[in-house]
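In structure tokens form, the structure reads like this:
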């Protein structure tokens with residue numbers, strides 16, 4: 001048939017991403033956090049869903065996206081990457097350059113894992129403290145039925 005295309009396999013659906021965002025925002029409202037921006041990326045780093053709450057400043061989206069991308073790019077949460085490499089600013093700067101500026105190694109970017117601990121994507125959240133951003137990300141991931149990838153059992157420093 002002319003005009004048909006093959007469809008890509010979907011590992012992280014838009015519906016699941018929306019459920020994740022809604023739960024993360026509900027967590028934030030319950031905790032009376034400042035307005036958040038959240039970005040859900042698939043395993044290839046492509047946006048599946050993104051949203052900002054009313055009152056967010058314009059840089060929240062690129063920061064949230066960068067947190068999610070940092071988690072995907074290194075394979076651990078964005079906060080873990082930042083902590084592990086605190087004494088290696090040249091490494092962090094090089095990775096930020098290699099990623100075209102899409103790398104934010106600060107807590108708030110969390111991997112989305114399936115039941116077999118495989119990466120399906122990542123969520124990045126910005127707007128509150130880094131710890132609160134990460135807590136909202138975890139709440140969203142778990143509410144959507146996935147596992148939050150915070151610390152693999154065995155990983156050497158990147």
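In UniProt numbering, the protein residues as written are 1 to 158.
Glycine residues also receive a C-beta, built at the ideal position from the N, C-alpha and C atoms.
On a predicted model such as this, the values are computed, not experimentally measured, just so you know.
Cβ-Cβ separation, residue 128 to residue 34 (assumed contact under 8 Å), whole Å: Residue numbering aside, residue 34 sits at position 34 when the chain shown is read from its first letter. Residue numbering aside, residue 128 sits at position 128 when the chain shown is read from its first letter. Contact holds; Cβ gap of about 5 Å.
Exposed unless 16 or more other CB atoms sit within 10 angstroms - verdict on residue 70: In the chain shown, residue 70 corresponds to position 70, counting from 1. It is buried - the Cβ of residue 70 has at least 16 other Cβ atoms within 10 Å.
Rounded C-alpha distance that separates residue 25 from residue 31: Here residue 25 is taken as the residue at index 25 of the chain shown, counted from 1. Here residue 31 is taken as the residue at index 31 of the chain shown, counted from 1. Cα to Cα, the separation comes out at about 10 Å.
Neighbourhood of residue 119 by C-beta distance below 8 Å, restricted to the same chain and skipping five residues each side: Taking the chain shown and counting its residues from 1, the one referred to as residue 119 is at position 119. Once the five neighbours on either side are set aside, the close Cβ partners of residue 119 are 43, 72, 75, 111, 112, 113 and 149.
Bridge partner(s) assigned by DSSP for residue 37: One-based indexing of the chain shown puts residue 37 at position 37. Answer is 52 and 126.
Residue 77 versus residue 107: straight-line alpha-carbon distance, rounded: Numbered from 1 along the chain shown, position 77 holds the residue referred to as residue 77. Numbered from 1 along the chain shown, position 107 holds the residue referred to as residue 107. If you take the alpha carbons of residue 77 and residue 107, they lie about 7 Å apart.
Same chain, Cβ closer than 7 Å to residue 18, neighbours up to 5 away in sequence not counted: Here residue 18 refers to the residue found at position 18 of the chain shown. Contacts found: 49.
Residue 98 in three-state terms, based on DSSP: Here residue 98 corresponds to residue number 98 of the chain shown, with the count starting at 1. Three-state result, residue 98: helix.
Local conformation of residue 72 per DSSP, three classes: Mapped onto the chain shown, residue 72 falls at position 72. If DSSP states are grouped into helix, strand and coil, residue 72 belongs with the helices.
Boundaries (first-last residue) of the alpha helix (DSSP H) holding residue 21: Mapped onto the chain shown, residue 21 falls at position 21. 14-30 is the extent of the alpha helix (DSSP H) around residue 21.
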